[in-house]
Structure formats: structure tokens, C-alpha cells
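Heads up: the protein sequence lines correspond to chains A, B, C and D, in order. First residue of the first sequence? That's 152 in the numbering used here, and the numbers climb one at a time after it. First residue of the second sequence? That's 152 in the numbering used here, and the numbers climb one at a time after it. First residue of the third sequence? That's 152 in the numbering used here, and the numbers climb one at a time after it. First residue of the fourth sequence? That's 152 in the numbering used here, and the numbers climb one at a time after it. Worksheet: the structure to be examined is printed underneath.
There are 4 protein chains.
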Amino acid sequence: MKMIRNLDARDADRLIEAATDKANEIGVPQNIAVVDAAGHLLAFRRMDGAKFISVDIALAKAFTAAGARKSTADIGPATQPGQPGYGIQNLQGGRFTTLPGGIPITVEGAVVGAIGVSSGSTSEDVEVAQSAVSRFATMKKAD
Amino acid sequence: MKMIRNLDARDADRLIEAATDKANEIGVPQNIAVVDAAGHLLAFRRMDGAKFISVDIALAKAFTAAGARKSTADIGPATQPGQPGYGIQNLQGGRFTTLPGGIPITVEGAVVGAIGVSSGSTSEDVEVAQSAVSRFATMKKAD
Amino acid sequence: MKMIRNLDARDADRLIEAATDKANEIGVPQNIAVVDAAGHLLAFRRMDGAKFISVDIALAKAFTAAGARKSTADIGPATQPGQPGYGIQNLQGGRFTTLPGGIPITVEGAVVGAIGVSSGSTSEDVEVAQSAVSRFATMKKAD
Amino acid sequence: MKMIRNLDARDADRLIEAATDKANEIGVPQNIAVVDAAGHLLAFRRMDGAKFISVDIALAKAFTAAGARKSTADIGPATQPGQPGYGIQNLQGGRFTTLPGGIPITVEGAVVGAIGVSSGSTSEDVEVAQSAVSRFATMKKAD
């Protein structure tokens with residue numbers, strides 16, 4: 152038997168709030184998804200003005216970052232034509248994405264979940280996700 | 152051209168909070184999903200202790216209630232063997248469900264979204280969803 | 152943050168071995184699947200003579216038992232025509248099954264995974280799964 | 152009528168063990184899948200620490216190697232943009248992959264099954280799969 156550290160509902164709320172704050176700050180409404188260590192959805196928010204087509208993209212970004220244990224932006228290069236990871240986006244029933252904006256949440260070296268952000272440009276999505284992850288880490292230290 | 156009355160992000164938060172309060176009151180952690188008038192996800196919360204397998208079920212309940220414009224519990228009878236609606240659960244890529252716990256949100260006769268609740272017994276799911284819908288209606292009158 | 156108790160690889164091996172022993176004892180080759188608390192596959196064995204069509208059924212039984220936190224045999228009655236759970240088998244992309252032979256593994260009240268067995272009659276599948284769960288519980292007490 | 156030479160359950164166990172040993176030797180926990188000559192799952196193990204998202208990838212690698220009768224790494228080049236095999240990853244319901252780490256098992260020129268390994272880097276996956284195939288060949292000669 153083993154013990155797995157995992158995000159809880161309060162952690163998920165904090166991540167959603169932190170991402171919302173950043174999205175408001177830069178004026179870009181976003182879809183924000185938070186999954187647990189097993190890739191299962193914990194929380195989601197679509198801000199007013201965020202694209203409906205990006206709902207599933209935010210979900211896929213969070214799922215992929217939790218499962219691959221790395222930022223989706225860091226997976227992309229190895230999946231380009233000619234690279235060994237080419238075609239990985241066809242697996243996982245359309246839930247595996249290398250679109251930037253999915254970032255794992257790590258505590259003491261273990262991935263405990265992930266956040267996925269989608270509706271802005273990819274750099275805006277990454278900025279909001281990264282800001283939420285950083286602020287969450289700061290909050291956890293203060294707990 | 153037409154105007155669509157629709158739930159916004161604040162409405163979705165209120166529905167999630169109202170459902171969470173009821174779930175806590177009856178001591179049953181739930182997955183809670185809120186979709187807009189188009190059936191697209193607006194907000195989601197998995198409370199600590201809610202089943203992971205019920206995440207997709209909550210999403211399906213909300214989607215179905217918004218799309219069919221009726222409570223999922225009210226759709227079931229017409230889909231039984233021998234009825235004209237038999238087999239409808241096979242449509243929509245597995246997102247159409249008659250499991251009780253999906254309820255549309257109606258304002259002045261128009262469906263503006265829906266809530267789906269799943270993880271408890273079907274009666275607990277319905278109780279939480281119904282409570283959220285009722286409290287939301289009260290809040291809107293007070294606005 | 153929360154801590155989740157979960158089956159590990161050694162636990163999964165023990166469950167596979169215990170199920171294999173029982174299957175040999177009753178002379179019925181089986182497909183045996185073990186998933187963790189999040190429903191993800193940990194271990195699988197197809198014994199010589201087990202049906203290939205039952206591979207996915209064993210996987211679905213284990214997934215469903217872990218997710219629903221109850222034996223698949225106990226879910227079936229509420230999903231019959233006329234019951235509130237009618238149609239639930241259409242959800243989860245064909246991975247939700249009420250075929251008997253999926254049983255959750257529980258430790259101190261928490262579901263830590265599940266086993267799914269398929270290739271025999273449903274009573275043979277249940278017998279093998281139940282035997283593995285019982286023997287596993289005995290082994291854990293002896294640890 | 153014809154006779155099909157095929158991996159049996161004991162062969163599958165040996166392949167799983169051989170792959171596990173190599174994975175432990177290089178310190179990379181892996182998902183390991185073994186399929187028979189028909190591409191149907193025979194055995195699977197997720198080592199402690201292996202990624203859940205790579206479960207399905209290991210399954211896909213084994214399935215593809217058995218079906219295409221070649222290493223997944225060797226299929227990739229012919230599926231690149233501009234090549235005739237472009238887009239093949241879209242077939243087989245997301246089970247066809249050219250990610251390296253799927254290798255067929257061959258006996259006297261006939262493919263009798265395949266192994267798929269996933270969770271490490273692609274070179275680590277290939278190293279573990281190749282080691283298992285080589286050690287299995289040695290064992291079979293000694294039988």
C-alpha cells in the first residue's frame with residue numbers, strides 16, 4: 152500500500168481564484184481547469200467572455216500536464232514531425248494536447264495535480280497558468 | 152437577430168455554492184456541474200470525497216438538462232423499452248443521460264442553463280440539485 | 152492537500168496471484184485486472200484459455216468497481232429498465248459495466264482500488280474476484 | 152486450417168519480469184504491456200512511480216508492434232508529413248502509435264506477440280523493451 156499526496160477541493164479553489172485574478176489583470180477571460188494527481192477534474196471556471204471551444208482544451212491541458220508530469224509547452228517540441236513523439240496527440244481519446252497552458256502542480260517533488268488554461272493566445276494562457284501555480288506555491292508555504 | 156438570456160460566471164458560482172451548502176448539510180460530498188444555455192460547461196466542483204467516476208456523470212446530467220430543457224429524471228420514462236425514446240442514451244457520444252440529478256435553470260420561461268449533481272444516491276443528487284435551483288431563483292429575485 | 156491510500160504494484164501482484172489460484176482451483180481460466188483508487192490499470196493477466204473478448208470486460212469491471220465504490224453486481228439492479236439508474240452503461244465511453252465480477256478493495260473504509268474478473272460464467276467471475284479480495288485482506292493483516 | 156504459434160501466459164510473465172528487471176536496473180519505473188499474436192492483451196504491470204497517462208500508451212505500443220509486425224520506432228518515418236503513411240495514427244481508435252517502445256516478439260520468423268513499454272523517455276522505453284525481448288529469446292533457447 153502507498154500514500155499519495157493529492158490536491159483537495161480548497162487547493163483547487165485557490166488555483167482557480169489565482170488564475171482568475173491574473174486573467175482579470177491582463178484583461179483576458181479564460182477557461183480554467185484543475186485536475187488531481189490522477190488527472191480527474193477537481194474544479195473548472197469559464198470566465199465571462201471565454202470561448203466555449205476552449206473549455207475542452209483547458210480540460211485537456213490540465214489532464215496532460217498531470218499525466219505527463221510536465222508543462223504541455225515542454226512536450227510539444229518532441230512531438231513535431233520527424234521527432235520520436237510525433238503523433239502522441241492522437242492517443243488518449245483526444246485528451247492529450249501539447250498546446251501551451253497546462254502546468255503540473257508539484258509538492259516536494261511529487262506531482263499532486265495540474266492546471267490548464269485556455270481561451271487567450273498561447274502566451275496569455277501560459278502567463279495565467281504560471282501565475283496561478285506560483286501564487287499557489289506561495290500560499291502553501293504560508294499555511 | 153436574437154438575444155439569448157444566459158447564465159454568467161457569477162450565476163454559476165452561486166449555483167455551485169448553493170449546491171455545496173446543501174451537500175454539506177446532508178453530509179454527501181458531490182460533483183457539481185453548471186452549464187450555460189448552449190450546454191457548454193461554466194463551472195465545476197468536486198467536493199472532497201466525491202467519486203471520480205461521477206465527474207463525467209455530473210457533466211452529462213447538466214448537459215442533458217440544458218439540452219432537453221427538462222429534468223433528467225423526467226426524461227427517463229419516455230426512454231424505457233417499448234417507448235419512443237428508447238435508446239436515446241446512445242446518442243450524443245455518451246453525454247445524454249436520464250440519471251436523475253440534472254435540472255434546467257429557467258428564467259421567465261426560458262432555459263438559461265442547467266445544473267448536474269452526481270456522487271450520492273439518485274435521490275441525494277436530486278435533492279442537492281433542486282435545492283441549488285430553488286435558492287438561485289430566490290437570489291435572483293432579491294437582486 | 153490530502154493523502155490518499157492506494158494499492159501499489161506488490162498489492163496488485165498479490166491480487167492477481169490470489170485470483171489465478173482460485174481460477175485454477177475451479178478450473179476456469181480468467182482475465183484478471185487490478186486498478187488503483189483512481190481507476191487506472193495497475194496489473195492484468197490473461198490466463199491460457201481465457202476469452203479475448205473478456206479482456207476489456209475485466210478492465211471495465213475493475214474500473215467501475217473502483218469508481219462506484221461498490222461491487223458491479225450490486226449496481227445492476229438499480230440500472231434495470233424502469234429504475235433510476237437505467238442507461239448508466241452508456242456513460243464513461245463503454246467502461247461502465249454492471250456485469251458481476253468487479254469488486255472494490257477497501258482498507259479502513261476507503262476504497263484503494265478494485266479487481267475485475269471475466270471469462271467464466273458471472274458466478275465464476277464473482278467467485279474468483281471475491282476469493283482474491285478475501286485472501287488479500289488476510290495477507291494485509293498478516294503483514 | 153492453420154496453427155498459430157502464440158505467446159502463452161508464462162511467456163508473458165517472463166517478458167514482464169525481464170522488463171521490470173531492466174527498468175529497475177536503470178532506475179525508471181515503467182508501464183509494461185504484453186499482447187499476443189492477435190494484438191489482445193496478455194499481461195500488464197504498472198511499476199510504482201510509472202505515469203498513469205502512459206498506461207494506454209504502453210498498451211498502444213504493444214498493439215501496434217504486434218499488428219504492424221515491426222518496432223513502433225521503425226514505423227514512424229513512413230508516417231511523416233509527405234510520406235504515404237501520413238495520418239495512420241488516426242486509425243484504430245487511437246491505438247496505433249509510432250512512439251518508440253513497442254517491439255514484436257518473433258519466433259522462427261513469425262510474430263507471436265509484442266511488448267510495449269512507456270513512462271520514461273523514448274530511449275529508456277526502447278531500452279527496457281529491447282532488453283526484455285532479448286532476454287526472452289535467450290530463455291526460449293534454454294527451454
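Even glycine gets a Cβ: it sits at the ideal position worked out from N, Cα and C.
State the beta-bridge partners of residue i as determined by DSSP.
{"i": "A/Ala-261", "result": "A/Val-258"}
{"i": "A/Lys-124", "result": "Within the shown structure, residues of chain A are numbered from 152 to 294, placing residue 124 of chain A beyond reach of any answer."}
{"i": "A/Asp-187", "result": "A/Gly-264"}
{"i": "D/Phe-195", "result": "C/Phe-195 and D/Ala-184"}
{"i": "B/Ser-285", "result": "None; B/Ser-285 has no bridge partner."}
{"i": "C/Gly-253", "result": "C/Gly-267"}
Is residue i close to chain A, meaning its C-beta is less than 8 Å from at least one C-beta of that chain?
{"i": "C/Ala-189", "result": "yes"}
{"i": "D/Ala-211", "result": "yes"}
{"i": "B/Leu-242", "result": "no"}
{"i": "D/Thr-103", "result": "With chain D covering only 152 through 294, there is no way to say anything about residue 103 of chain D."}
{"i": "D/Asp-225", "result": "no"}
{"i": "C/Asp-207", "result": "no"}
{"i": "B/Ala-174", "result": "no"}
{"i": "D/Phe-195", "result": "no"}
{"i": "B/Phe-203", "result": "yes"}
{"i": "B/Met-198", "result": "yes"}
Within 10 angstroms of the Cβ of residue i, are there 16 or more other Cβ atoms? Answer buried if so, exposed if not.
{"i": "D/Asn-175", "result": "exposed"}
{"i": "C/Ile-326", "result": "Given a span of 152 to 294 for chain C in the structure shown, any question on residue 326 of chain C remains unanswerable."}
{"i": "B/Lys-153", "result": "exposed"}
{"i": "A/Gly-260", "result": "exposed"}
{"i": "B/Ser-222", "result": "buried"}
{"i": "A/Arg-161", "result": "exposed"}
{"i": "C/Asn-241", "result": "buried"}
{"i": "A/Gly-233", "result": "exposed"}
{"i": "D/Asp-172", "result": "exposed"}
{"i": "D/Gly-178", "result": "exposed"}
{"i": "C/Gln-281", "result": "buried"}
{"i": "A/Ala-288", "result": "exposed"}
{"i": "D/Ala-224", "result": "buried"}
{"i": "B/Asp-294", "result": "exposed"}
{"i": "D/Lys-292", "result": "exposed"}
{"i": "C/Gly-245", "result": "exposed"}
{"i": "B/Gly-229", "result": "Residue 229 of chain B is actually Ala in this sequence, not Gly. Classification for B/Ala-229: exposed."}
Using only alpha-carbon positions, find the residue among the options that is nearest to residue i.
{"i": "B/Ile-208", "options": "B/Arg-286, B/Arg-165, B/Asp-276 and B/Met-290", "result": "B/Asp-276"}
{"i": "B/Ala-188", "options": "B/Ala-293, B/Phe-287 and B/Asn-157", "result": "B/Asn-157"}
{"i": "D/His-191", "options": "D/Asp-172, D/Asp-199, D/Arg-197 and D/Ala-216", "result": "D/Ala-216"}
{"i": "C/Ile-155", "options": "C/Thr-257, C/Gly-267, C/Ser-269 and C/Asp-199", "result": "C/Thr-257"}
{"i": "A/Ala-283", "options": "A/Ala-160, A/Val-185 and A/Gly-178", "result": "A/Val-185"}
{"i": "A/Gly-236", "options": "D/Pro-255, D/Gly-218 and D/Ser-270", "result": "D/Ser-270"}
{"i": "C/Gln-181", "options": "C/Ala-169, C/Ala-163, C/Gly-200 and C/Leu-166", "result": "C/Gly-200"}
{"i": "C/Thr-273", "options": "C/Asp-159, C/Ala-219, C/Gly-252 and C/Gln-231", "result": "C/Gly-252"}
{"i": "D/Val-268", "options": "D/Leu-242, D/Asp-172 and D/Val-206", "result": "D/Val-206"}
{"i": "D/Ala-213", "options": "D/Ala-288, D/Ala-293, D/Ile-167 and D/Pro-228", "result": "D/Ile-167"}
{"i": "B/Ala-194", "options": "B/Gly-264, B/Ala-288 and B/Ala-293", "result": "B/Gly-264"}
{"i": "A/Gln-243", "options": "A/Arg-165, A/Leu-210, A/Ala-293 and A/Asp-164", "result": "A/Leu-210"}
{"i": "B/Glu-278", "options": "B/Ile-254, B/Asp-159, B/Ala-163 and B/Met-198", "result": "B/Ile-254"}
{"i": "D/Arg-220", "options": "D/Asp-159, D/Val-262, D/Met-198 and D/Leu-250", "result": "D/Val-262"}
{"i": "B/Ile-226", "options": "C/Gly-238, C/Ala-163, C/Leu-250 and C/Ser-285", "result": "C/Gly-238"}
{"i": "C/Gly-218", "options": "C/Thr-249, C/Arg-197, C/Lys-202 and C/Arg-196", "result": "C/Thr-249"}
Please confirm whether residue i has its beta-carbon closer than 8 Å to some beta-carbon of chain B.
{"i": "A/Asp-159", "result": "yes"}
{"i": "A/Arg-156", "result": "no"}
{"i": "A/Met-152", "result": "no"}
{"i": "A/Asp-162", "result": "no"}
{"i": "C/Gly-238", "result": "yes"}
Against chain C, with Cβ distances strictly below 8 Å, would residue i count as a contact?
{"i": "B/Gly-245", "result": "yes"}
{"i": "B/Gln-231", "result": "yes"}
{"i": "A/Val-263", "result": "yes"}
Does any residue of chain D have a CB that is nearer than 8 Å to the CB of residue i?
{"i": "A/Lys-221", "result": "no"}
{"i": "A/Pro-235", "result": "yes"}
{"i": "C/Arg-165", "result": "no"}
{"i": "C/Leu-250", "result": "no"}
{"i": "A/Gly-218", "result": "yes"}
Completely contained alpha helix (DSSP H) runs for the stretch 199-237 of chain B, where each covers 4 or more residues: Those alpha helix (DSSP H) runs which fall completely within the stretch 199-237 of chain B and span 4+ residues are 204-219 and 223-226.
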